[in-house]
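Position 7, counted from 1, in the sequence shown is what the numbering used here calls 7; the numbers after and before it change by one each time, with no gaps. Glycine included, every Cβ here is placed at the ideal spot set by N, Cα and C. Values in this document were obtained by computation on a predicted structure and should not be read as measured data. Okay, so here's the structure we're looking at.
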Amino acid sequence: HSSCRIQPIGQRGIITIERNRGAHVRVLDIEGVRQLYELRAVLEGVPRG
Numbered sequence: 001h002s003s004c005r006i007q008p009i010g011q012r013g014i015i016t017i018e019r020n021r022g023a024h025v026r027v028l029d030i031e032g033v034r035q036l037y038e039l040r041a042v043l044e045g046v047p048r049g
């Protein structure tokens with residue numbers, strides 16, 4: 001089973017760390033940030049407002 005962690009790195013983007021694959025920096029636009037927060041809310045069971 002693989003795991004992936006996502007960590008913020010300031011305003012430059014995010015870094016994703018995947019087991020056996022290493023780390024990758026990804027730059028997000030405003031739509032990507034919105035989708036990331038939506039996904040987080042769903043995973044945490046937070047109702048969207």
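Item, Value
"For Arg34, report the span of its alpha helix (DSSP H) as first-last.", "Ile30 to Glu44"
"Return helix, strand or coil for Arg26, following the three-state DSSP convention.", "strand"
"Smallest Cα separation from Leu28: which of Gly22, Arg21 and Thr16?", "Thr16"
"Less than 8 angstroms between C-beta atoms, sequence neighbours within five positions excluded: which residues of the same chain meet that for Ala23?", "Ile15, Thr16 and Ile17"
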